[in-house]
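Chains as they are written, first to last, in this note's numbering: chain A, 1 to 462; chain B, 1 to 555.
As structure tokens, then:
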């Protein structure tokens, strides 16, 4: 359209365009302009040789996406922002997003739904506002909450859940929640109770995307060994034998801060407070000087204190896109979904590897098989606690152990409530026999890594 | 000024930890040209604007279409004028030029970035002023017809400007990188072997090892001796009994490990370290020594990639025009052939290990000091070299030389062939294409299909299957294109009908999630080219969103 066009022609042209802006199958009060969903429709309304065996071309699939399909996005950070955009531009209109964080300036290099003026505001709310304000028809509902603050009724309403989390604990909890929604009738899984979980993760230039069909394919806990436990420096190194600049920072964080309480009694180290970091940095320099260690910088200090993982926009864009593609495939049956794990690394060229992660027969989360605990009756309760936290397949954080004794529910040990911890602490030093436990005893273990208790069966060995 | 710096440091913190301040500086000094603000184009640019590219110029002669507004990440920021009504906004934008609309909206993402737009098709620019493209650090061409990217490719090849071609075609992503010669000092390899020189310890290391008397140490010192010292000591013993030959195979390495196990006895101090069954346990540092035998005893040699760099013509013939990469490489080569005795300058880093602070720091300093000494010698060679071609010694900085020496074992040079070579019947990579197509579902078939749809476009001035009524008849037309392509290149391969059908089905669609995948991938490759850190792909990348697989071919 030429810039110098006559006003009359222009007005008529605008009218024409207006008329053409009728949705292909209207949805409520939102009109879709011509061509808006063309790129999506080609995959929903045409036959093809590689489509899912269940796929049937129709105009209804698009309507399902636009009107009915409900997607839950967990996390509104690096992956979350990308996911919201990808889903909104692919036709999904009913999206909820959960994130407990507020926006930090260091998010702005990749979390593009946020602007400098948004720093301090809840991520979920700003992200939702942004998308809703700019993608007509899209309705993103934010939840400024922890995932643990929402219950079964909430999660049950979604067709698909897609995660962009930065913690293994949270992933496992989400995994456990969707597993808890499964319905079994006479031992047979009711397929309609399955809510697919698409999980993405990134770290620097590496990332992965996986498709989990709870109850059917490998779950997060089936492949827990893929997330090796975080290695912490040994205490003796930190306390008396530092060699690296990181050791010096950990010394200040773990030993010096609690001793000197530089900002007052009971004031914990806040990694987001620059004055706190500055103090740690100075003290770390002093510590390093004592041992002739070089390399302590402000950036290194902050990285150690906050356990910072480097991040860029590009990796998040790639992994979120792969996840969103899978959401689309599953929601529309347009193609066979990823089966079931994609690994990505673009340090040297671009490398992807796709494989099928296998279910673990005795997975503590999804196998429904009571977990075996083999200990002699002379073993102390502490040993069971250590096993629960250290075993690579369990990796519990602060398990609470309860059991039934003399027909009554008894808490053997619980860490997360101070008064109960104090009361039950002596049990750790008692033997299983002393605690009155018998061979075949069922122990119920609760932990932050799962919304449901995990049942263990005690087998006495000699 | 300081405020701006700190706020930029805060904003870019997470990425500075990957490419450092000098990488960020390179990014901020770059000027990228992106052609076509489609979904793919704006995704790529978004991922360059967010990390702080200095300047971008968007070249696009198209008007915004209804499809763009539905698909373009730019649409995310479109309705930024709340006062104007919703409907009117759509119309106004649809009348707007795509380049301008996209530029305004992308700039919103990062106020540090400058954006320009040129409302002109690349073909027009090539007709009237091809030098327009000479100013850029990198040109990225998105969704271009074949004739355009071939023309552009030729201009940029002559001008020495790197060219990245990207296309999203249905569920397929494609990238082609064209750059004559791209040097990388900091490749940041994922799994790098340490440079410990245990097989042939340099003098200072030998002396340092000699200062330890393992047999007459206090228990506390013994168990906090760095494993490097332990291995060095036992290697001396081994050498004396094995004619100075390294343990080579599994058997010999196991024997060496056993030597260490048996030797972990302190003669005059009773063993205190025993486990619950009362049997003696190895001290942790000795355990570390045993564990590291496998890798610590590899012979020190120049890696083949570095050797190739030394033997390259650009390294041999240094002129006043030579980039500093080759000048320093020549200097390192001189070092290797003289003072280095066939070995690279010592890297100077050691891994963390169980040891008391004092022993560790002293050992670390032995390596650090040697690295500095070696780098100084390399500097002398470089200085002499610069002098011989009439350049001042300040042409390369100390820092540059030190960085080069530290990364001497990880240097990479990437050379991506020109499009002319890829397309010519005489020089195209027949072997690669034929061998990949032994498996008919190899990603190579996607490449052949893209070449075929380009052929279709050439003949019919449109892509196949864009409108529903075209799909059926275009399948046969596309098949003719496939056959003519295979015939022209005498390719005796089987392209399954399914792929021909699928590519008609795509109707040249640009689905957002595929565009976004490519957007992230391409942006990172662009950042690699600009920062000269990490290694770019060479030279053709294909992504299949149906199977979530990808492949890289050198065509």
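Just so it is clear, CB atoms sit at the ideal spot from N, CA and C, and this is done for glycine as well. Source: prediction; values computed, not measured.
Name the residues in the region 105 to 116 of chain A whose C-beta lies less than 7 Å from a C-beta of chain B; which are they? Under the 7 Å Cβ criterion, the region 105 to 116 of chain A contributes 105, 106, 108, 109, 110 and 112.
Is residue 521/B close to chain A? Criterion is C-beta to C-beta, closer than 7 Å. Translated into the one-based positions of the second chain, residue 521/B becomes position 521. Chain A contact via Cβ: present.
Inspect the beta-carbon positions of residue 405/B and residue 345/B and report whether they are closer than 7 Å. The sequence position of residue 405/B within the second chain is 405, counting from 1. The sequence position of residue 345/B within the second chain is 345, counting from 1. Yes, Cβ-Cβ distance for residue 405/B and residue 345/B is below 7 Å.
For the putative contact between residue 39/B and residue 53/B, defined by C-beta atoms under 8 Å, what is the C-beta separation to the nearest angstrom? The count along the second chain starts at 1 and reaches residue 39/B at position 39. The count along the second chain starts at 1 and reaches residue 53/B at position 53. 19 Å between Cβ atoms; not a contact.
Beta-carbon within less than 7 Å of residue 361/A's beta-carbon, same chain only, minus the 5 sequence neighbours each way: which residues are those? Counting from one through the first chain, the residue named residue 361/A turns up at place 361. Cβ within range, chain order: 367.
Please determine if the region 178 to 194 of chain B and the region 525 to 534 of chain B are in contact, where contact requires at least 3 C-beta pairs separated by less than 8 Å. Yes, since at least three Cβ pairs between the region 178 to 194 of chain B and the region 525 to 534 of chain B fall closer than 8 Å, the two stretches touch.
Which value, in whole angstroms, describes the spacing of the CA atoms of residue 547/B and residue 451/B? Along the second chain, read from residue 1 onward, the residue named residue 547/B stands at position 547. Along the second chain, read from residue 1 onward, the residue named residue 451/B stands at position 451. Residue 547/B and residue 451/B: Cα-Cα distance of roughly 21 Å.
Tell me, to the nearest whole angstrom, how far the beta carbon of residue 473/A is from that of residue 109/A; I am working on the premise that it is less than 8 Å. Residue 473/A lies beyond the residue range present for chain A, which begins at 1 and ends at 462; the question has no answer from this structure.
Secondary structure of residue 246/A, DSSP reduced to three states: Position 246 of the first chain, counting from 1, holds the residue named residue 246/A. In the structure shown, residue 246/A sits in a helix (DSSP, three-state: H, G or I).
Span of the beta strand (DSSP E) around residue 175/A: As a first step, residue 175/A must be located in the first chain, where it is residue number 175. That residue, residue 175/A, is in no beta strand (DSSP E); its alpha helix (DSSP H) goes 168 to 180.
Rounded distance between the beta-carbons of residue 457/A and residue 373/A, thought under 8 Å: Within the first chain, numbered from 1, the residue matching residue 373/A stands at position 373. Within the first chain, numbered from 1, the residue matching residue 457/A stands at position 457. The Cβ separation is near 7 Å, so the contact holds.
Mind listing the chain A neighbours of residue 506/B? Cutoff is C-beta to C-beta under 8 Å, in chain order. For the purposes of this step, residue 506/B is taken as the residue at position 506 of the second chain. Against chain A, a Cβ distance below 8 Å from residue 506/B picks out 42.
Here's a check: name, in chain order, each residue in its chain whose Cβ is nearer than 8 Å to the Cβ of residue 239/B, leaving out the five neighbours to either side. Along the second chain, read from residue 1 onward, the residue named residue 239/B stands at position 239. If we look at residue 239/B and ignore the five residues flanking it on each side, its Cβ neighbours are 245.
Of all the options 280/A, 250/A and 247/A, which has the alpha carbon lying nearest to the alpha carbon of residue 509/A? Chain A is shown from 1 up to 462; residue 509/A falls before or after that span and cannot be answered.
For residue 47/A, does the three-state DSSP call read helix, strand or coil? In the first chain, the residue the question calls residue 47/A occupies position 47. In the structure shown, residue 47/A falls within a coil segment according to DSSP collapsed to helix, strand and coil.
Of all the CB atoms in chain A, is at least one closer than 7 Å to the CB of residue 513/B? What you label residue 513/B is simply residue 513 of the second chain in a count that begins at 1. Chain A contact via Cβ: present.
Between the region 369 to 389 of chain A and chain B, which residues of the former have CB atoms less than 9 Å from a CB of the latter, in chain order? Among the residues of the region 369 to 389 of chain A, none has a Cβ less than 9 Å away from any Cβ of chain B.
Within 7 Å of chain B by C-beta, residues of the region 326 to 347 of chain A in sequence order: Sequence-ordered contacts of the region 326 to 347 of chain A with chain B read 328, 335, 338, 342, 346 and 347 [C-beta pairs closer than 7 Å].
Give me whichever residues DSSP pairs with residue 182/B in a beta bridge. Taking the first residue of the second chain as 1, we reach residue 182/B at position 182. Bridge partners of residue 182/B: 414/B.
Range covered by the alpha helix (DSSP H) that runs through residue 531/B: As a working note, residue 531/B is residue 531 in the second chain. Taken as a continuous stretch (DSSP letters only), the alpha helix (DSSP H) holding residue 531/B covers 512 to 531.
Cα-Cα separation, residue 59/B to residue 140/B: Indexing the second chain from 1 puts residue 59/B at position 59. Indexing the second chain from 1 puts residue 140/B at position 140. Taking the straight line from one Cα to the other gives about 10 Å.
Which residues bound the beta strand (DSSP E) around residue 503/B? Stepping through the second chain from its first residue, residue 503/B is reached at position 503. Per DSSP, residue 503/B belongs to no beta strand (DSSP E); it is in the alpha helix (DSSP H), 497 to 506.
Please confirm whether residue 317/A has its beta-carbon closer than 7 Å to some beta-carbon of chain B. Reading the first chain from its first residue, position 317 is the one you call residue 317/A. Residue contact with chain B for residue 317/A: present (Cβ-Cβ distance below 7 Å to some residue of chain B).
Measure the C-alpha to C-alpha separation of residue 80/A and residue 104/A and round it to an integer number of angstroms. Counting from one through the first chain, the residue named residue 80/A turns up at place 80. Counting from one through the first chain, the residue named residue 104/A turns up at place 104. Near 15 Å, if we compare the C-alpha coordinates of residue 104/A and residue 80/A.
At least one CB of chain A closer than 7 Å to the CB of residue 112/B: is that the case? As a position in the second chain, residue 112/B is number 112, starting the count at 1. Not a single C-beta of chain A is nearer than 7 Å to the C-beta of residue 112/B.
Quick check on residue 340/B: does DSSP put it in helix, strand or coil? In the second chain, counting from the first residue as 1, residue 340/B sits at position 340. DSSP places residue 340/B in coil when its eight states are reduced to three.
Applying the 10 Å Cβ sphere with the 16-neighbour rule, what's the burial state of residue 77/B? Counting from 1 along the second chain, the entry for residue 77/B is found at position 77. Note that residue 77/B has pLDDT 36, beneath the 50 cutoff, so the model's placement of it is unreliable and the number below is only indicative. Answer is buried; the Cβ neighbour count reaches 16.
Helix, strand or coil for residue 400/B, going by three-state DSSP, please let me know. Looking up residue 400/B in the second chain gives position 400. If DSSP states are grouped into helix, strand and coil, residue 400/B belongs with the helices.
Can you look up residue 46/B in the DSSP assignment and give me helix, strand or coil? The residue given as residue 46/B occupies position 46 in the second chain. Note: residue 46/B maps to helix in three-state DSSP.
Kindly indicate which residue of 43/B, 553/B, 530/B and 514/B has the alpha-carbon position closest to the one of residue 173/B. Start at 1 with the first residue of the second chain, and residue 173/B comes out as number 173. Out of 43/B, 553/B, 530/B and 514/B, the CA that lies nearest to the CA of residue 173/B is found in 514/B.
Is the Cβ-Cβ distance between residue 13/B and residue 393/A less than 7 Å? Position 13 of the second chain, counted from the first residue, corresponds to residue 13/B. Position 393 of the first chain, counted from the first residue, corresponds to residue 393/A. Not in contact: residue 13/B and residue 393/A (Cβ atoms no closer than 7 Å).
Of the choices 17/B, 512/B, 113/B and 247/B, whose alpha-carbon is the least far from that of residue 311/A? Counted from its first residue, the first chain places residue 311/A at position 311. Taking only the C-alpha atoms, the option nearest residue 311/A is 17/B.
Consult DSSP for residue 360/B and reduce its assignment to one of helix, strand or coil. Position 360 of the second chain holds residue 360/B. Under the three-state reduction of DSSP output, residue 360/B falls in the helix class.
Which whole-angstrom value describes the C-beta separation of residue 291/A and residue 90/A, a residue pair presumed to lie in contact below a C-beta threshold of 8 Å? Position 291 of the first chain, counted from the first residue, corresponds to residue 291/A. Position 90 of the first chain, counted from the first residue, corresponds to residue 90/A. That belief does not hold up - the Cβ atoms of residue 291/A and residue 90/A are roughly 55 Å apart, past 8 Å.
Give me the Cα-Cα distance between residue 97/B and residue 62/B, rounded to the nearest whole angstrom. The residue you call residue 97/B lines up with position 97 of the second chain. The residue you call residue 62/B lines up with position 62 of the second chain. Taking the straight line joining both Cα atoms gives about 6 Å.
Residues near residue 277/A by beta carbon distance below 8 Å, same chain, minus five either side: Counting from 1 along the first chain, the entry for residue 277/A is found at position 277. A distance below 8 Å between beta-carbons, with the five flanking residues on each side excluded, links residue 277/A to the following residues of its chain, in chain order: 271, 298, 301, 302 and 305.
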